[in-house]
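In the working numbering, each residue carries its 1-based index in the sequence shown increased by 3. C-beta: ideal position from N, C-alpha, C; glycine also.
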Amino acid sequence: MVHVYNCHPFKSQQIVQVEQEPGLVCCGGGALFVVATGGCKVEVYNLEKEGCPLFCRFATMGTVKSIQHSKIGDYLVTIEEKNNATYLRAYTNWRYQAEEKGRVGVRLLGHLLGGASVWGGVQMEIIEIPMSERPIAVSCCPVTGDLLVGCEKTVVLFTLSRQNQQNLNQSQQSVQNSLPNSQQSCNPSQGPTSVSHPNLSILDFERSVILHLPKMSLKQVALCGGYVAVNAELEVLVLKLEAASDPAAAEEPLETSKSAEPPQDQDDFLLIPRHQELLESKAKDCDILVTMEKTGLEDQAQYQFSYILFRRFSPEFFQGCRVEEMQIHSLQLYPLFTSNSLEDPTCVFCFFSLPTAGYLYSLKGGVELLSAYQYPEKVLQAVMSDHLLHVITKNALQCFTVRCSAVAARMEDPYIDTTMKACPPSTLEVCALRIQLFIGLRSVCVYNQRVILLSAADTETQQEPERRCLKLKENSVLTGIFLAVGIDPATTPALENLLSRPFLSRKWTISSPKETSTVGHGWNLYVVDTVHPFTLYQEMVEYSCRYVQTTPQSHSLRHLLSEAHLLLRACLLQTPEQKQSGQGDPAVSSKPGSNGAVDKNSATQANRQELEEALRQNSAQLGDCFSRASQKDCHLALPYYKMSGLTVAEVISRNRPPPEGPSSYGLGFLFYLKLHLLEETEQHLTQEEADEIIYIFSQSEPFLLVSVCASPCMINCSATRTLQILQRLEDTAGVSVPLTIIMAAMALRLGKQQDYTELMERHAEMQLVYGFIEEPRLLLHGGGGGGGGGGGGQHSQVHPTSLARQLANTQPGLLVAAMVALHENCKVQLEQADFVFKELGCENTLLVDFWEAMLMASSQDAVIQELLFRVASVYIDRLTNSINGSGAPKYKSLKGADDLITSCSHYGALYPWLTVLNPTHSTTSEHQEALHKLQSLLCGPSLSVGSIVPLLERLSGETLWGFSLHLLCATRRGQYESSIEQLLDRCPQAIIAYANHQLQDKYMTLWWQKLLPELCKRTRAAADNGILLGALKETLVVVAMETSPAEFLELIPDDGTASYFLPHLLTCSQRHLMA
């Protein structure tokens, strides 16, 4: 569908004073090139000066059949005919012909003669490019300046090369100084051959790639940034040329599916091809075989190609057109540069047209059909610009919008389609603007914001009115004859067909030859100035006011504002070169006093500020449209309102229903409010704004009231009024846990402590925890309070609500359980929870309880290790402080050591031998609890002992409980031998309990390898030590049970005490015999 808007894309037009009838025209480099019909001379006119004065003229070597200008290199390329032969020539340094007296050099491709190289920088050169086949079409790459030549079955690529010229003589300098200033101003791009360039160079071309397409009869070619496009009558093929990383891969032809050749006996049949559209990887499945030929140069870069796009049309598409008109025309590859990509184009587009329809594809970053243009009448030619498509019919110039800026905006910012930013889709329906009428249009070309038109009126058109009148007379005469004899021609189709033939006038058609009109010639060359996109945007905004007043919810209003938005995008994406070449905002560039560089910079900055302000206003208008849109598009109201910079109060005022209308709100507006309130922002609404939002949701979506009231933006809402609305909601919708909690929070704000207590006692503690999971912002405000904000890499700070502070004082267990549940459901990060408890002043109490509860609930290994280290550090700090007498105030933990041992797998049961080392009455209960928890952690399976060994150095081993902790660490690290020695030194009464628990399985041998020798040595030194003797007897019992008699004999010391070991040896022997 094509929308039609009565906007004015043209602002003025002028006629170029051309002496002879133009046959061919092209433009580029600030110049208009005109070739007279059948002539061998090119006239160049300055497009950047008022009236387009003649700049220079030069003769060609043959009759020009095609002419193209290259911005890169500033050269012309022509296809010429002379003596029934076709030639391909390139004209460089043509600007030196301004005085028509400059020297001209002629050379072959690749031949830089001595004389030519000396004068190459200061004279025009004609480069003869030999071709093995007759050239049909040429195209110059706007990115690299390379030349693409299309023959009937072959495409040849010539790369542009430059030979730097040094040591220019004094005559060259004099020629440069004598050139008029108009020559320099004619080329804003200042190419390498421009007069003002200090390092002049000689241009040349190198034959790089030859592509053979035996199954296509080429009509047009196009080249842009490595993309090659060719078309036949009803086929378009786009290839991508790239440098081959593997030379062997470049030599292998790409396999394609070949269609079977028709049998010889079917030559009399006409085969109609079917319609096809193949994109990207599927394009290689077309039946067009492409082969690449080497150029024969060893040092030449190797290329490989890939199929990008193939489109074939079947003849039945052309209804109302003759067979000879069924051809594709206006093939174009169009690059779009932005301020972020001045050398490599951000986007590349492919456009081609049929007589009744045009097609625009995006090639870079994925092939996609952007727009299909349906023309109201047969189109002769079309040409693209950044923001408009210009098409000509026989008698009219018409403009359509294009979607280049939508594609470029997404290429520059892949995250543009989010809740923060938006842009109309690249597939948005196009619109046609106002038509400008002309007579006999023949061709069109575009330079910046100027459209050049060539018109030539038909000489026979003046006879059409006479023939029409004559035909009417014939028809009336015959009709009268039939009616006179009683026959009504209207009742007989055959007679009506007969009357439509003008056979009676044949003898009257001979007329005297008309004299040649002396009024003027029948052709004109127009230069039409188009308005700046910002001016067109302003007209579209003014045009949209009609829809706002009549049908504010119409699709046309939304489409028109989207078109205006894309025009602004096109302005903001312009490169500095485009702005300097006359495409800047006229409202800013026309200000007086803008000649200096500082003034230009300030003008450019003011221009951009004006564009950005217009973009904000347009975004606000689009937000208004989408705020009332259907469910499919209503979500777009949020990003457009975000881009507009409007406050919530301003958005609310724009969406208030009229007093006389229904009191309903649009889906997009409600979506905006909901998402805005879900965001964690420090912007607090006033009481009036907050109360109005609560009223809006109570009328539209009352089930969202809990989330609305929990938003930090709503902290200033009236608690009394809100509580009344919530009570009415409870009466109608029933009781729910989140609703009860938010009502309790409102009662707390009002100071109604009894009402708060009654509401919180309605539900069990676990149900309240589920309520906090459903709406975390009842407890927390900040980065983690939103729905699932805990997954980000950056931890924004959160703050406890007044309800959380109340729970910390009255129900600490509920607060800890809720925080654990929020963490496990990814609603809050561990660091954020730490900050909350520290802000509550509970870093030494509830925070440790939270860590202990997290150890019971968490299953993440990284979190568990972090928590184990934290709680171990806290326990060590508590033990240290208790020794120094600077302990924290007494606080009873939510979970004691026994509770943690029974409910948490990371806390292990205390080893039996620890009961001997632990004092029972010499320390406080807080010290005892911290000691037991730390010992339990060391007895558990999870704590990494090595991580806390440096911390344990703060605890002295002089006390038994301190010694027990060091002994636990040594045991956990497998240092059993040293542990046995230390235990025998400090507390020998615990050695048997220690050995029974620790020296098992693979450590059983330590009973007789380490413990028995140590006890023997120590009892020998202290024979009256009953503790050591008892430990020795217990050890011998175990050794007798675990060793053989021979092994036991080897263990008996040879110091004369063998009689002491004989009973145990007898027991060992009896056990062995029984076994």
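- In the three-state reduction of the DSSP assignment, Trp526 falls in the strand class.
- Secondary-structure assignment with DSSP links Asp207 through a beta bridge to Ser164.
- Inter-segment contact for the segment 382-390 and the segment 424-433 is absent: fewer than three beta-carbon pairs are separated by less than 8 Å.
- Phe61 sits away from Met134, with the two beta carbons spaced by 8 Å or more.
- In terms of CA proximity to Leu571, Arg619 leads the group Leu920, Arg619, His562 and Asn527.
- Here the alpha carbon of Leu339 sits roughly 22 Å from the alpha carbon of Ala246.
- Nearest Cα to Met329 within the set Val159, Asn234 and His1075: Asn234.
- Residues Ala824 and Asn828 of the same chain have their beta carbon placed closer than 6 Å to that of Ile776, with the five preceding and five following residues left out of the count.
- In the three-state reduction of the DSSP assignment, Arg325 falls in the coil class.
- Between Ile442 and Lys297, the alpha-carbon positions lie close to 49 Å from each other.
- Remark: three or more beta-carbon pairs, one from each stretch, lie closer than 8 Å, so the segment 66-85 and the segment 41-52 are flagged as touching.
- Pairing His909 with Leu968, the inter-Cα distance amounts to about 17 Å.
- If only complete runs of 4 or more residues are kept, the segment 88-151 shows the alpha helix (DSSP H) at 117-122, in order along the chain.
- Under the three-state reduction of DSSP output, Met423 falls in the coil class, being neither helix nor strand.
- Between Tyr546 and Leu366, the C-beta spacing is not below 8 Å.
- Contact between Leu858 and Val819 fails: their C-beta atoms lie close to 12 Å from each other, not under 8 Å.
- Classified as exposed, Asn9 has fewer than 16 neighbouring CB atoms from the shown chains inside 10 Å of its CB.
- Gly774 and Val740 have their C-alpha atoms spaced approximately 5 Å apart.
- Contact annotation: Arg445 and Ala425 have beta-carbon atoms that are not nearer than 8 Å.
- Asn999 carries a helical assignment under DSSP once its states are collapsed to helix, strand and coil.
- Nearest neighbour of Ser342 by Cα position, chosen from Ile291, Cys637, Tyr759 and Ala411, turns out to be Ala411.
- Going by C-alpha positions, Ala39 is about 19 Å away from Val454.
- Closest in alpha carbon position to Ser164, among Leu1076, Phe354, Arg210 and Ser142, is Arg210.
- Around the beta carbon of Val109, fewer than 16 other beta carbons lie within 10 angstroms, which makes this residue exposed.
- In the assembly as shown, Glu692 is a buried residue. Its beta-carbon has 16 or more other beta-carbons within 10 Å.
- Annotation: Ala811 to Val709 spans about 22 Å, alpha carbon to alpha carbon.
- Rounded to whole angstroms, Asp636 and Ser703 show a C-alpha spacing of 19 Å.
- Look at Phe340 here: in three-state DSSP terms it is coil, with no helix or strand label.
- Judged by their CB atoms, Val449 and Cys55 are not nearer to each other than the 8 Å cut-off.
- Taken atom to atom, the span from the alpha-carbon of Ser408 to that of Gly626 is near 20 Å.
- Only buried fits Tyr94, as 16 or more other CB atoms lie within 10 angstroms of its CB.
- Counting along the chain, Pro25 sits inside the beta strand (DSSP E) bounded by residues Pro25 to Gly31.
- The three-state reading of DSSP puts Gly626 in helix, counting H, G and I together.
- When the five nearest sequence neighbours on each side are left out, the beta carbons in the same chain lying within less than 8 Å of the beta carbon of Thr883 are those of Arg957 and Leu958, in order along the chain.
- Going by DSSP, Glu245 is part of the beta strand (DSSP E) stretching over Glu238 to Ala246.
- Inclusion of Leu707 and Lys677 in the CB contact set at 8 Å is warranted, their separation being smaller than that value.
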